[in-house]
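Following: one structure in structure tokens, then a few remarks.
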Amino acid sequence: MGSLPETEHPVKALGYAARDISGVLSPINFSRRETGDEDVRFKVSYCGVCHSDLHSVKNEWSNAKYPVIPGHEIVGVVTEVGSKVKKVKVGDKVGVGCMVGSCHSCDQCASDQEQYCLKMVQTYNDATMTTYGGYSDHMVANEHFIISWPENLPLDGGAPLLCAGITVYSPMRYYGLDKPGMHVGVVGLGGLGHVAVKFLKALGVKVTVISTNPKKKEEAISNLGADLFLVSHEQAQMQGAVGTMDGIIDTVSADHPLVPLIGLLRPNGKLVLVGAPTKPHEIPAFPLLFGRKLVGGSLIGGIKETQEMIDFAAKHNITAAIELIPIDYINTAMERLAKADVRYRFVIDVANTLK
Amino acid sequence: MVKSPEAEHPINAYGYAARDTSGTLSPLTFSRRATGDKDVRFKVLYCGICHSDLHFVKNEWGMTVYPVVPGHEIVGTVTEVGSKVEKFKVGDKVGVGCLVGSCSSCESCANDLENYCRKQILTYGSPCFDGTRTYGGYSDHMVADEHFVLRWPENLPLDTGAPLLCAGITTYSPLRYFGLDKPGVKVGVVGLGGLGHVAVKMAKAFGAEVTVFSTTPNKKQEALEGLKADHFIVSQDPEQMQSAASTLDGIIDTVSATHPIAPLLSVLKPHGKLVLVGIPEKPLELAAFSLIMGRKIVTGSAIGGLKETQEMLDFAAKHGVTADIEVIPIDYVNTAMDRILKSDVRYRFVIDVANSLKAP
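Line by line, the protein sequences give chains Z and B.
So for the first sequence, our numbering puts the first residue at 80; every next one is plus one.
So for the second sequence, our numbering puts the first residue at 409; every next one is plus one.
Spelled out as structure tokens, the structure:
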């Protein structure tokens with residue numbers, strides 16, 4: 080017998096869900112588990128709207144289990160902790176990102192890389208368990224997956240860091256693109272891209288933004304502090320930058336050619352994909368061999384690294400550039416997001432607008 | 409006025425050259441420069457036949473200017489040294505690989521990575537600053553700048569060691585650079601040919617656990633018994649591939665025929681590295697998700713710098729790593745090329761130049 084969202088668990092919850100592939104969200108009554116010994120329960124203050132939320136609600140990855148309650152950039156205030164919880168107490172500010180569970184016994188978990196655990200549990204729409212995300216009044220999650228929120232980091236501007244932030248921060252560290260004086264490109268100036276620019280500048284790295292939209296130049300340089308700006312279809316501009324970059328963080332999920340980006344790399348340079356187009360890329364082997372260049376991927380980051388990233392952001396005053404919205408604006412926000420019409424992340428003011 | 413190969417330089421030389429895109433080789437008299445201050449001149453004893461030679465003589469890469477004398481796995485005995493040469497003397501055994509020049513001033517050269525210098529001069533077929541092109545080791549003698557001449561280790565055989573100058577360094581370098589040289593590391597080798605068989609031997613010498621991937625099931629015995637690989641998988645068998653899912657730290661892919669890399673990515677563990685050392689003609693299809701879900705890497709590697717090539721030769725001598733070869737007289741070279749196309753060689757032809765190349 081299937082259980083309904085409303086009666087699956089003992090504690091009532093309220094949120095916004097998509098019920099079919101139209102992706103249109105509307106209010107839903109559902110339920111969450113009780114606070115277990117190792118659980119932290121918190122009232123949701125804000126939740127960022129990640130482009131993945133849009134992909135999910137529309138079943139673009141063919142894995143939606145409706146009703147889908149998205150949201151994995153969640154911040155709030157602790158209301159209850161289980162008896163074994165040590166990390167936080169009632170009243171503390173906390174965050175939850177893209178993961179709420181993992182196996183804790185594999186090599187990946189043992190090396191604080193829970194995101195690569197084969198049994199990693201996603202904050203919403205998980206494949207094996209029923210999970211509901213942060214477009215809701217409150218969350219409950221295992222302590223391990225709770226991020227302690229630094230005092231001086233704004234909740235609203237900081238929420239998107241829980242996905243966008245860690246997604247770009249982790250590869251900067253892993254691929255060694257974090258040394259002062261290096262030159263790193265950022266492809267795409269959206270939710271991920273704008274945060275990437277901020278982190279790289281804080282690390283002392285020279286940044287070139289690569290975009291299809293010439294109008295983003297002013298904001299890239301004046302607002303975000305990027306050093307240079309290239310329009311990716313302008314041959315002369317791209318040619319002039321050939322062989323100049325130590326690495327590139329490619330945030331773009333629309334289909335786009337990788338070959339011109341590989342050309343921008345110096346020998347031993349690294350093209351890191353964090354956006355995932357649906358169509359496969361085509362890469363010739365030649366430019367990889369003659370320059371020993373690499374194309375690598377990266378997926379969010381482990382919990383330890385997410386905490387490190389949040390603390391780094393607090394220290395360097397890094398927040399996302401956001402547009403705060405009431406929850407009933409969410410469908411319009413999704414439409415605007417599909418058209419890249421946002422500078423650069425919508426954040427839902429959940430606490431004040433979810434009734 | 410363009411000079412003929414015979415008249416370009418003061419010293420007579422002779423060898424085998426291809427004259428057109430048929431790639432058929434035949435005797436050629438040509439010439440080489442006089443021994444400069446920093447040059448080492450040597451009589452060629454053996455020269456390995458690399459598959460690149462075949463691509464080049466048929467102009468498959470679009471950069472061949474005929475006549476071309478191939479050969480970049482060259483060993484011999486020094487006959488003359490320039491006045492400023494310090495590392496070699498007459499009578500020494502030496503080798504020359506794929507490079508005979510570079511700019512010496514770029515960042516790559518400064519980091520002993522002449523192989524990534526944009527102005528590198530290849531051992532054959534490359535334009536030189538004096539307007540001529542280089543001629544390779546299918547010839548009676550060579551002359552090269554000391555910097556690009558390798559000292560031949562005492563206990564390394566000349567004939568079976570010659571192929572290391574390309575195949576050896578091409579596989580040694582990425583095993584080192586990508587951290588696949590630690591004991592117990594699980595390494596895959598795709599393709600069991602000239603590069604592949606040397607990759608297996610190098611990886612085993614590093615203490616790796618080696619899995620060979622091949623489309624040819626009957627290479628299993630030689631992989632496991634001959635080359636001492638630990639596992640053998642037929643890459644087109646989905647069940648065998650599935651059984652190897654997520655098990656390898658890295659893969660050295662030596663295959664230049666077009667082939668899908670998605671199945672190879674699935675055999676990598678998270679954080680695993682797929683290193684291409686063969687050069688497929690057509691672009692590879694790469695789904696971003698397959699790299700993102702597991703933080704995997706696709707990359708390439710091209711030979712190695714001179715310092716590392718010397719290090720590789722010394723390593724090979726120490727660990728008894730040599731190529732499996734079939735020695736041939738130079739007039740067999742066209743048949744050899746045909747057989748290479750059909751992968752009908754275990755695993756490198758080596759030309760016995762000194763004993764079979766006769767003066768015209």
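Just so you know, even glycine gets a beta-carbon here, dropped at the ideal spot from N, CA and C.
Is the Cβ of residue 423 (chain B) closer than 8 angstroms to any Cβ of chain Z? So, not an interface residue.
Listed by chain order, chain B residues near residue 364 (chain Z) by CB distance under 7 angstroms: Going along chain B in sequence order, the residues near residue 364 (chain Z) (Cβ under 7 angstroms) are 684, 687, 688, 692, 708.
Residue 585 (chain B) - DSSP class collapsed to helix/strand/coil: Three-state result, residue 585 (chain B): helix.
Give the interface partners of residue 187 (chain Z) over in chain B, defined as CB-CB distance under 8 angstroms, in chain order. Ordered by position in chain B, the residues that pass the 8 angstroms Cβ test against residue 187 (chain Z) are 678.
Since residue 247 (chain Z) contacts residue 281 (chain Z) with CB under 8 angstroms, what's their CB separation in whole angstroms? Rounded, the Cβ-Cβ distance is 12 angstroms, inconsistent with contact.
Please decide whether residue 696 (chain B) counts as near chain Z, where near means a Cβ-Cβ distance under 8 angstroms. With 8 angstroms as the cut-off, residue 696 (chain B) counts as an interface residue toward chain Z.
At what residues does the alpha helix (DSSP H) containing residue 415 (chain Z) begin and finish? Residues 409-417.
So, at 7 angstroms on beta carbons, what are the nonlocal neighbours of residue 182 (chain Z) in its own chain, with the 5 sequence-adjacent residues on each side left out? Sequence-distant Cβ neighbours of residue 182 (chain Z) in its own chain, meaning closer than 7 angstroms and more than five residues away, are 188, 196, 198.
Span of the beta strand (DSSP E), counted from its first residue to its last, around residue 345 (chain Z): Counting along the chain, the beta strand (DSSP E) containing residue 345 (chain Z) begins and ends at 344-352.
Using CA atoms only, rank isn't needed, just tell me which of B:692, B:543, B:539 is closest to residue 478 (chain B). Taking only the C-alpha atoms, the option nearest residue 478 (chain B) is B:543.
Have a look at B:700, B:449, B:653, B:686 and flag the residue whose alpha-carbon is nearest the alpha-carbon of residue 665 (chain B). It is B:686 whose Cα lies nearest to the Cα of residue 665 (chain B).
Just the chain Z side, please: which residues come within less than 8 angstroms of residue 383 (chain B) by C-beta, in chain order? The requested residue 383 (chain B) is not part of the displayed model; chain B covers only 409 to 768.
Would you list the residues sitting across from residue 201 (chain Z) in a DSSP beta bridge? Here residue 201 (chain Z) is bridged, per DSSP, to Z:178.
Do residue 548 (chain B) and residue 765 (chain B) have their C-beta atoms within less than 8 angstroms of each other? In contact: residue 548 (chain B) and residue 765 (chain B) (Cβ atoms closer than 8 angstroms).
Where residue 560 (chain B) falls, given that 16 or more other Cβ within 10 Å makes a residue buried: Using a 10 angstroms sphere on the CB of residue 560 (chain B), the tally of other CB atoms reaches 16 or more, which defines it as buried.
Hey, does residue 371 (chain Z) have any beta-carbon neighbour from chain B nearer than 8 angstroms? Yes, contact with chain B.
Backbone secondary structure at residue 483 (chain B) - three-state DSSP: Three-state result, residue 483 (chain B): strand.
Segment limits, alpha helix (DSSP H) that includes residue 248 (chain Z): Per DSSP, residue 248 (chain Z) belongs to the alpha helix (DSSP H) from 243-253.
Would you mind sorting residue 149 (chain Z) into buried or exposed? The rule is 16 or more other CB atoms within 10 Å of its CB. When all chains shown are included, residue 149 (chain Z) counts as buried.
Are any of the Cβ atoms in chain Z nearer than 8 angstroms to that of residue 674 (chain B)? No, residue 674 (chain B) lies away from the interface with chain Z (no Cβ there is under 8 angstroms from its Cβ).
How about the region 134-150 of chain Z and the region 95-113 of chain Z: do they share at least three Cβ pairs that are nearer than 8 angstroms? Counting Cβ pairs under 8 angstroms, three or more are found: they touch.
Specify the secondary structure class of residue 424 (chain B) as computed by DSSP and reduced to three states. Note: residue 424 (chain B) maps to strand in three-state DSSP.
DSSP state of residue 257 (chain Z) mapped onto helix, strand, coil: When DSSP states are grouped into helix, strand and coil, residue 257 (chain Z) belongs to the coil group.
Straight-line Cα distance separating residue 389 (chain Z) from residue 217 (chain Z): Linking residue 217 (chain Z) to residue 389 (chain Z) through their CA atoms gives a straight-line distance of about 21 angstroms.
Run through the DSSP bridge pairs and tell me what residue 95 (chain Z) is partnered with. In the DSSP secondary-structure assignment, residue 95 (chain Z) is bridged to Z:106.
Identify the contact partners of residue 524 (chain B) in chain Z, using a Cβ-Cβ distance below 7 angstroms as the criterion. Those within 7 angstroms of residue 524 (chain B) in chain Z are 346, 370, 371.
Segments assigned alpha helix (DSSP H), at least 4 residues, entirely inside the region 434-509 of chain B: For the region 434-509 of chain B, whole alpha helix (DSSP H) runs of length 4 or above, ordered along the chain, are 459-465.
Beta carbon proximity, residue 80 (chain Z) to chain B, threshold 8 angstroms: Since pLDDT at residue 80 (chain Z) reaches only 47, below the 50 mark, its modelled position is unreliable, and the value read off the structure follows with that caveat. Contacts with chain B at 8 angstroms (Cβ-Cβ) do not include residue 80 (chain Z).
Of all the options B:506, B:473, B:463, which has the alpha carbon lying nearest to the alpha carbon of residue 483 (chain B)? Residue B:506 is the option with its Cα nearest to residue 483 (chain B).
Quick check: residue 129 (chain Z) and residue 243 (chain Z), are their CB atoms within less than 8 angstroms of each other? Between residue 129 (chain Z) and residue 243 (chain Z), the C-beta gap is smaller than 8 angstroms, which places the two residues in contact.
Hey, out of B:417, B:552, B:624, B:755, whose CA is closest to residue 449 (chain B)'s CA? When C-alpha distances from residue 449 (chain B) are compared across B:417, B:552, B:624, B:755, the shortest belongs to B:552.
Burial state of residue 245 (chain Z), where buried means 16 or more other Cβ atoms lie within 10 Å: Around the CB of residue 245 (chain Z), 16 or more other CB atoms lie within 10 Å, so the residue is classed as buried.
Per DSSP, what are the beta-bridge partners of residue 597 (chain B) in this structure? Its beta-bridge partners are B:620, B:660.
Secondary structure at residue 295 (chain Z), three-state DSSP: helix, strand or coil? Here residue 295 (chain Z) sits in helix by DSSP.
Same chain, Cβ closer than 8 angstroms to residue 406 (chain Z), five either side skipped, listed in chain order: Here the set comprises 95, 214, 427, 428, 429, 432, 433.
Tell me the DSSP bridge mates of residue 290 (chain Z)? The beta-bridge partner set that DSSP reports for residue 290 (chain Z) consists of Z:310.
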